[in-house]
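Asks: Take any residue in the sequence shown, count from 1 to its spot, add 1378: that is its number in my numbering.
Even glycine gets a Cβ: it sits at the ideal position worked out from N, Cα and C.
Note that the structure is a prediction, hence the values are computed from the model and not measured.
Could you have a look at this structure, given as structure tokens, before my questions?
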Amino acid sequence: MSCSRRTQSEREFARALKVIPGGVNSPARAFGAVGGHPLIIDRGEGQYLYDIDGNRYIDFVGSWGPHILGHRHPRVISRIEEALKKGTSFGAPTLLETELAELVAELVPCVEKVRMVNSGTEAAMSAIRLARGFTGRDKIIKFAGCYHGHVDSLLVQAGSGALTLGTPSSPGIPQGCTADTVVLEYNDLDQIRDTFAQQGDQIACLILEPVVGNMGVVLPEPGFLETIRELCSKNGTVFIMDEVMTGFRVGLGGAQQRFGITPDICMLGKVIGGGMPVGAYGGKSEIMDTISPVGTVYQAGTLSGNPIAMASGIATLECLKETNPYPQLEENTQRLTEGLRSAATKAGSPHTLAECGSMFTLFFNPDKVTNYTISARNDVELFARYFQGMLDRGIYLPCSQFEANFTSAMMTDDDINQTIQAAGEVLQEIA
Ligand code: HOZ
1379 MSCSRRTQSE REFARALKVI PGGVNSPARA FGAVGGHPLI IDRGEGQYLY DIDGNRYIDF
1439 VGSWGPHILG HRHPRVISRI EEALKKGTSF GAPTLLETEL AELVAELVPC VEKVRMVNSG
1499 TEAAMSAIRL ARGFTGRDKI IKFAGCYHGH VDSLLVQAGS GALTLGTPSS PGIPQGCTAD
1559 TVVLEYNDLD QIRDTFAQQG DQIACLILEP VVGNMGVVLP EPGFLETIRE LCSKNGTVFI
1619 MDEVMTGFRV GLGGAQQRFG ITPDICMLGK VIGGGMPVGA YGGKSEIMDT ISPVGTVYQA
1679 GTLSGNPIAM ASGIATLECL KETNPYPQLE ENTQRLTEGL RSAATKAGSP HTLAECGSMF
1739 TLFFNPDKVT NYTISARNDV ELFARYFQGM LDRGIYLPCS QFEANFTSAM MTDDDINQTI
1799 QAAGEVLQEI A
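See the structure below:
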């Protein structure tokens, strides 16, 4: 299938540019690193996206993670429709909020209590404030290449769009906001041990992505999460896992269940909203009860726990719980990455592949990517050519070498074969 006719998207993007900065409502979508213009999407159905020119694409973005069940899953849509009949927002408690909170507490190991917000950024901002309020300390540890939304204190050597667009730290953030942020290299245990030895009693929290999805997929090396758990417990530091991407994605109980390491607090987003704007942070009651109105750490939101978003999240988590698509998802993803690996080897492209559950990255880098320094050496020009070649063949990938690819439960053998075949052609072409 050739999808080179994208004239309507081009025209409509030019129109958007006049009234929206960069034509997009989030910079990661702008195609800045790959050239050309974004597709303007008309609709999604299962594993496919359709642009306004009528082209169909196999979707490996899945709205950057939420659509593990594919687009417009019938159970999700019908639950949303049911909720819509009752009203869109009340600013008062509903049964749906308790129902989703109960599901999250049942499925996610660290969660005893959970607070719903509207995005991953909001969850990160609130979790950091909570940890500081709970411990009475100011310092936080984050890792280079991890991305936790556009929170001021965390937008330092950040991944995702910040890394893609070459601005891993942003103007507009007063120096004071990041003065208490200690940035360390992912997977470097010596650095972490030294930092705790020197300032352990001042560190409110350590925040990380347990499997990084925002400098491409980077896995924790054996012992990394275990040692962090130990050091945090010993030093009275709140261990925050950012499971916005990995939650309900690398397994029903997220990365914390997969690796058997329980943080004190975790952040959730993406899959928990089933495609609606939801974020959440939850953990031990002892810590969560520091939040207002039980405690004094303030955090609020007019649309938090929105009934339509809750309905979408409940349907998604119930469906995941009942159907357990994870083994199949993992098998499909492995078959795909094996195919990509042999296509890249055959074409002589410098590459490594990383995968976890239904997340993966084909790195244009001959070295195993274990941290930000190595990921920064990826051949982004080669990636841009690969991306465009795949798009022309009806395969929609994240428009950045530094974002995770996601498979969905709707993908068939044919979709996987078609993707491997396309990659083989493109990699030969650009070699
Ligand atoms: N946070 C997303 C990437 N890791 C980007 C979201 C978007 O631009 O839509």
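Could you give the first and the last residue of the continuous beta strand (DSSP E) run that contains L1740?
Replies: Element bounds for L1740: 1737-1741.
Asks: Per the DSSP calculation, G1424 is bridged to which residue(s)?
Replies: Its beta-bridge partners are H1449.
Asks: For the region 1524-1543 and the region 1494-1503, state whether three or more C-beta atom pairs, one from each stretch, are separated by less than 8 Å.
Replies: Yes, the region 1524-1543 touches the region 1494-1503.
Asks: So, with DSSP's three-state summary, where would you put E1803?
Replies: E1803 falls in the helix class under three-state DSSP.
Asks: Under 7 Å from any heavy atom of the ligand HOZ, does the C-beta of G1592 make it?
Replies: According to the sequence as given, residue 1592 is Asn; it is not Gly. Checking every heavy atom of the ligand HOZ against the Cβ of N1592, one is found closer than 7 Å.
Asks: What do you reckon, is the C-beta of S1538 under 7 Å from a heavy atom of the ligand HOZ?
Replies: Yes, the Cβ of S1538 comes within 7 Å of a heavy atom of the ligand HOZ.
Asks: Verify the contact flag: S1404, CB atom, against every heavy atom of the ligand HOZ, threshold strictly below 7 Å.
Replies: S1404 Cβ: within cutoff of the ligand HOZ.
Asks: Tell me the DSSP secondary structure of T1751 in three-state form.
Replies: Three-state DSSP puts T1751 in a helix.
Asks: Secondary structure at M1379, three-state DSSP: helix, strand or coil?
Replies: A caution first: M1379 carries a pLDDT of 48, below 50, which makes its placement in the model too unreliable to give a value.
Asks: What residues in its chain sit with their C-beta under 7 Å from that of I1639, if we drop five residues either side in the sequence?
Replies: Excluding sequence neighbours, I1639 sits near L1603, E1604, R1607.
Asks: Does DSSP classify I1794 as helix, strand or coil?
Replies: I1794 falls in the helix class under three-state DSSP.
Asks: R1627: beta carbon under 7 Å from a heavy atom of the ligand HOZ?
Replies: The answer is no for R1627.
Asks: Just grab the DSSP bridge partners of M1494 for me.
Replies: DSSP output for M1494 lists A1658 as bridge partner(s).
Asks: For I1519, which beta-bridge partners are listed by DSSP?
Replies: Paired residue(s): V1560, L1584.
Asks: Could you please give me the residues that DSSP links to D1429 through a beta bridge?
Replies: DSSP output for D1429 lists I1419 as bridge partner(s).
Asks: Could you tell me whether the region 1743-1753 touches the region 1560-1572, using the rule of 3 or more Cβ pairs below 8 Å?
Replies: With the cut-off at 8 Å, the region 1743-1753 and the region 1560-1572 touch.
Asks: Does the beta-carbon distance from I1446 to F1626 come in below 8 Å?
Replies: It is a contact, given that the beta carbons lie within the stated cut-off.
Asks: For the alpha helix (DSSP H) holding L1810, just list the boundary residues, first then last.
Replies: Residue 1810 lies beyond the range of the chain shown here (1379 to 1809); nothing can be said about it.
Asks: Just verifying my parser: in three-state terms, what is the DSSP assignment at C1488?
Replies: Coil at C1488, not helix or strand.
Asks: With hydrogens ignored, establish whether the beta-carbon of E1604 is closer than 7 Å to any heavy atom of the ligand HOZ.
Replies: Incorrect: E1604 has no Cβ contact closer than 7 Å to the ligand HOZ.
Asks: Evaluate contact between the region 1380-1394 and the region 1411-1419, counting only Cβ atoms and requiring at least three cross-stretch pairs below 8 Å.
Replies: Flag = yes, the region 1380-1394 and the region 1411-1419 touch.
Asks: Can you look up E1604 in the DSSP assignment and give me helix, strand or coil?
Replies: Three-state result, E1604: helix.
Asks: Just to check, is the beta-carbon of R1407 closer than 7 Å to a non-hydrogen atom of the ligand HOZ?
Replies: At least one heavy atom of the ligand HOZ is nearer than 7 Å to the Cβ of R1407, so yes.
Asks: So I1643 packs on I1669, CB below 8 Å; how close in whole Å?
Replies: The pair is not a contact, with the Cβ atoms about 11 Å apart (cut-off 8 Å).
Asks: Please work out which residues of its chain come closer than 8 Å, Cβ to Cβ, to C1488, disregarding the five sequence neighbours upstream and downstream, and give them in chain order.
Replies: Within the same chain, C1488 has close Cβ partners M1619, Q1634, T1640, P1641, D1642, I1643, C1644, G1660, G1661, K1662.
Asks: For V1595 versus F1738, is the C-beta distance shorter than 8 Å?
Replies: Going by C-beta atoms, V1595 is nearer than 8 Å to F1738.
Asks: Mind checking who E1733 pairs with in its DSSP beta bridge?
Replies: F1738, per the DSSP bridge assignment.
Asks: Using 8 Å for Cβ pairs, my map puts C1734 next to V1622. What's the rounded Cβ distance?
Replies: The Cβ separation is near 15 Å, so there is no contact.
Asks: Can you tell which of I1458, L1586, G1440, V1628 has its C-alpha closest to the C-alpha of R1421?
Replies: It is G1440.
Asks: Flag E1326 as yes when its Cβ comes closer than 7 Å to any non-hydrogen atom of the ligand HOZ, and as no otherwise.
Replies: Given that the chain is displayed from residue 1379 to residue 1809, the structure contains no residue 1326 and the question cannot be resolved.
Asks: How many Å lie between I1551 and D1530 at the Cα?
Replies: If I take the Cα positions, the gap works out to 6 Å.
Asks: State buried or exposed for P1705, treating a residue as buried only when at least 16 other CB atoms are found within 10 Å of its CB.
Replies: P1705 comes out exposed.
Asks: Checking 8 Å against the spacing of the C-beta atoms, do G1767 and I1794 come in under that value?
Replies: Taking 8 Å as the Cβ cut-off, G1767 and I1794 do not qualify as a contacting pair.
Asks: Are the CB atoms of A1721 and I1798 within a distance shorter than 8 Å?
Replies: Yes, the Cβ-Cβ distance between I1798 and A1721 is below 8 Å.
Asks: Drop a sphere of 10 angstroms on the beta-carbon of T1701, count the other beta-carbons inside from all chains shown, and report buried for 16 or more, exposed for fewer.
Replies: When all chains shown are included, T1701 counts as exposed.
Asks: Looking at the secondary structure, which residues open and close the alpha helix (DSSP H) in which I1692 lies?
Replies: 1685-1701 is the extent of the alpha helix (DSSP H) around I1692.
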